[in-house]
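Protein chains: 2
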Amino acid sequence: MLFAIKNHPEIAEALAADLAEVETCFSAELLSDLACVNDLVRYVERYRGKMLRPTLLLLSAMASRPGQPVRDEHRTLATVVEMVHMATLVHDDILDEAEIRRKGKTVNTLAGNEAAVMLGDYLVSHAYHLCSSLDNQAAARLIAQTTNTVCEGELLQLANRNNWSLDEQTYYQIIGRKTAALVDAACRLGPMMHERDQSDCRSMGGFGYKIGMAFQIIDDVLDLTGDEQVVGKSLGKDLEKGKLTLPLIHRLETAAPADRHRILDLLRTDDTQRTEHVGWLITNTESIDYARRRAENLVAEAHDHLAVLPESPARQTLHGIADAVISRQR
Amino acid sequence: MLFAIKNHPEIAEALAADLAEVETCFSAELLSDLACVNDLVRYVERYRGKMLRPTLLLLSAMASRPGQPVRDEHRTLATVVEMVHMATLVHDDILDEAEIRRKGKTVNTLAGNEAAVMLGDYLVSHAYHLCSSLDNQAAARLIAQTTNTVCEGELLQLANRNNWSLDEQTYYQIIGRKTAALVDAACRLGPMMHERDQSDCRSMGGFGYKIGMAFQIIDDVLDLTGDEQVVGKSLGKDLEKGKLTLPLIHRLETAAPADRHRILDLLRTDDTQRTEHVGWLITNTESIDYARRRAENLVAEAHDHLAVLPESPARQTLHGIADAVISRQR
């Protein structure tokens, strides 16, 4: 991601300044008079990673009115989307029983599931609290609609746990809601807070939605084939938690009956090596290529959505980030 | 509670009509295009119990402008506070590993902790979503501030788990934030949406805060001395989860050294009968009377806060509910 931004020093500089303000706003909003709360919040500060969503929101703002300064509303909402994202990570790690996140221990591992449930609630509550400080109901409503959708995605995923005949369409439903919806909102809020007309906001939302989908597909590929040291979080979790993802859905759909049964038998066992065996059955198969190709097609479509924006370094940077989503190894 | 309302048929009738609208709004807001989501939501519909918070919000509205109709904003916000309350119940039951709630199985027992985490998130997200449909940032901000505080209360309680030397002041800090804050907000929103001046809103908030405190103290007394069949939820959970509550805090502070050590030894054991033994050590002690007396004093102070309201049947009903908080057996 960073690579894409470094190509445009002037953008990188402006963005760094805005993201620094986002970090300050993030910490200020979460500060409590209770030491025990601040101690817990410190855990998630470590989660702070790519800052992809605030970056996309700020770049969408720059790109939708080149030359015009990014507004305070943009920085506030960039903080809001990051806070919502952090909350979903904290609750996700409980659902996944994940132990490593961004190369550090997860909150549920460090402080227990109960603290993780409440910390996630604390984060999302402050996200809405920060949102309510803006005098903009449209933004608040979009954020709340988005979190509604994210929860639906998580619940749909849970309902399909251990469903080894999950089809591709339902898989897209899941990742569209749980991941792409928030990226969609981030990219939409940039032009929205610059009073760009609705169709431009929709188009930028479409850009975000498609790179969000591609991002999740690559995430799922990395969960099967990635190196934990490089990716920096627990891998193989999807299979462990009965989550079927695109490469395996494709493998099962296209495999010869014998292989199909072999894989299904393997999936149905509680063998601790299951993930390793399946990962090994799938690496270097055309199913991995298929998933990567789907991600590439989504990114190609995403590029087209940027046509509504005037040519600018910020827009170039958005193109670069879209490409980085599929080339990333982590 | 209901008893207090039945004394005023005209209020009971108006309230029943408003609460019916709240129920409709509640279900409409939570309706999803995903069957798996609607199935889960059906679980919490069963949680719907006293509707204390929406009732207090609506009565505060009626009492702050007698004769004037309750506004749509009031009914919407009554739905919001109930939805927030439901979300806290769902996440609370995960923290407490509770199996029974309102005489039915809890979501975590029925659908697992993961589904309960996400369902709670879904409820709170929709609460803010509903809130953002109002063109009133002050209300949205109050709701978000309140949920911030509720989470802090839960986190403070978690931080003091198994702290057998918890003092009375910290106990009040915990219940003030986790329980009283939302009742405070409910009672404040009535006059607030009727444009009563700030000091009146504060005073009504104070009424809510104090009956909220009293309500939680009685809840904690019932957890030690109540009958599960009557109360309709898992009891003895506080001790099981290492929560020290007012009666026991007082007992430990006032007990003779020998008794004190006997109780502490009992608390520190993992004996499954622990709760029973302690409950039995505390029933009919002056520590139960002390806790009930504290609740009575809080309710007495609450009554005074209603002085800002004109005399009316709605105000009388609020007085009646305040008294019912301490007389309740469930």
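Chains A and B, in that order, give the protein sequences. The first sequence: position 80 = 80 (my numbering), numbered continuously. Adding 1000 to a residue's 1-based position in the second sequence gives its number in my numbering. Glycine residues also receive a C-beta, built at the ideal position from the N, C-alpha and C atoms.
How should residue i be labelled, buried or exposed, when 16 other C-beta atoms within 10 angstroms of its C-beta is the threshold for buried?
i	result
N148 (chain A)	buried
P247 (chain A)	buried
A16 (chain A)	exposed
R53 (chain A)	buried
Q216 (chain A)	buried
G332 (chain A)	What is shown of chain A runs 1 to 330, which leaves residue 332 (chain A) out entirely.
S1060 (chain B)	buried
E311 (chain A)	exposed
Q1157 (chain B)	buried
R1121 (chain B)	According to the sequence displayed, residue 1121 (chain B) carries Asp and not Arg. It counts as buried.
T269 (chain A)	exposed
A181 (chain A)	buried
Measuring only the C-alpha atoms, how far is residue i from residue j?
i	j	result
A1307 (chain B)	G1190 (chain B)	15 Å
V1299 (chain B)	H1261 (chain B)	34 Å
A291 (chain A)	V221 (chain A)	7 Å
E1296 (chain B)	L1123 (chain B)	33 Å
L95 (chain A)	E1114 (chain B)	5 Å
R315 (chain A)	L19 (chain A)	18 Å
Q1333 (chain B)	H1250 (chain B)	This structure gives no information on residue 1333 (chain B), because the portion of chain B shown stretches from 1001 to 1330.
N1163 (chain B)	C151 (chain A)	35 Å
F26 (chain A)	L57 (chain A)	15 Å
G1153 (chain B)	Y1171 (chain B)	10 Å
A1255 (chain B)	K1178 (chain B)	28 Å
A1138 (chain B)	S1199 (chain B)	15 Å
I1282 (chain B)	D92 (chain A)	41 Å
T1146 (chain B)	L1119 (chain B)	20 Å
S32 (chain A)	F1207 (chain B)	25 Å
G320 (chain A)	K6 (chain A)	10 Å
V70 (chain A)	G226 (chain A)	37 Å
H194 (chain A)	E10 (chain A)	20 Å
D219 (chain A)	M213 (chain A)	10 Å
M51 (chain A)	R328 (chain A)	15 Å
D135 (chain A)	D72 (chain A)	12 Å
Which first and last residues belong to the alpha helix (DSSP H) in which residue i is found?
i	result
T1147 (chain B)	1137-1159
T1317 (chain B)	1313-1327
T225 (chain A)	198-225
M1193 (chain B)	Taken as a continuous stretch (DSSP letters only), M1193 (chain B) belongs to no alpha helix (DSSP H), as it is neither H nor E.
H250 (chain A)	246-254
A1016 (chain B)	1009-1030
T170 (chain A)	168-175
Y1043 (chain B)	1035-1045
S64 (chain A)	52-64
G1120 (chain B)	1113-1131
P1257 (chain B)	1257-1268
A1300 (chain B)	1286-1305
L1239 (chain B)	1237-1240
Assuming residue i contacts residue j (C-beta within less than 8 Å), just tell me the rounded distance between them.
i	j	result
A144 (chain A)	H1129 (chain B)	4 Å
V44 (chain A)	V107 (chain A)	7 Å
K241 (chain A)	D223 (chain A)	In fact, because the Cβ distance is near 10 Å, the residues do not count as touching under 8 Å.
I211 (chain A)	V117 (chain A)	Going by Cβ atoms, the distance from I211 (chain A) to V117 (chain A) rounds to 30 Å, so no, they are not a contact pair.
T76 (chain A)	S125 (chain A)	About 16 Å separates the two Cβ atoms, so there is no contact after all.
L264 (chain A)	V278 (chain A)	Between V278 (chain A) and L264 (chain A) the Cβ distance is about 10 Å, and since that is not below 8 Å, they are no contact.
M62 (chain A)	A14 (chain A)	7 Å
R185 (chain A)	L142 (chain A)	The question names Arg, but residue 185 (chain A) in the sequence shown is Ala. That belief holds up - the Cβ atoms of A185 (chain A) and L142 (chain A) are roughly 6 Å apart, short of 8 Å.
T88 (chain A)	E29 (chain A)	With a Cβ gap of about 17 Å, T88 (chain A) and E29 (chain A) do not count as contacting.
H1008 (chain B)	T1317 (chain B)	5 Å
A1411 (chain B)	M1083 (chain B)	Since the first residue of chain B shown is 1001 and the last is 1330, residue 1411 (chain B) is not available in this structure.
R1048 (chain B)	G1104 (chain B)	With a Cβ gap of about 11 Å, R1048 (chain B) and G1104 (chain B) do not count as contacting.
> In the region 1154-1182 of chain B, which residues sit with their C-beta less than 8 Å from some C-beta in chain A, listed in chain order?
Replying inline: E1154, L1155, L1156, L1158, A1159
>> Closer than 7 Å between beta carbons: that is the criterion. Which residues of the region 300-322 of chain A meet it against chain B?
In response: none
>> Residues of the region 189-212 of chain A in Cβ contact with chain B at a cutoff of 9 Å, in chain order, please.
In response: none
> What residues in the region 113-126 of chain A have a beta carbon less than 8 Å from any beta carbon of chain B?
Replying inline: N113, E114, A115, V117, M118, L119, G120, D121, Y122, V124, S125, H126
> Any residues in the region 64-90 of chain A with a beta carbon nearer than 7 Å to a beta carbon of chain B? Which ones, in chain order?
Replying inline: none
>> So if I threshold CB-CB distances at 7 Å, which residues from the region 138-153 of chain A count as touching chain B?
In response: A140, R141, A144, Q145, T147, N148, C151, E152
>> Short of 9 Å Cβ to Cβ, which residues in the region 15-33 of chain A face chain C?
In response: The chain labelled as chain C is not found among the protein chains of the depicted structure, namely A and B.
> Taking any Cβ of chain B, which residues in the region 36-58 of chain A have a Cβ under 7 Å from it, in chain order?
Replying inline: C36, V37, L40
>> If the cut-off is 7 Å on Cβ atoms, which residues from the region 1265-1292 of chain B count as contacting chain A, listed in chain order?
In response: none
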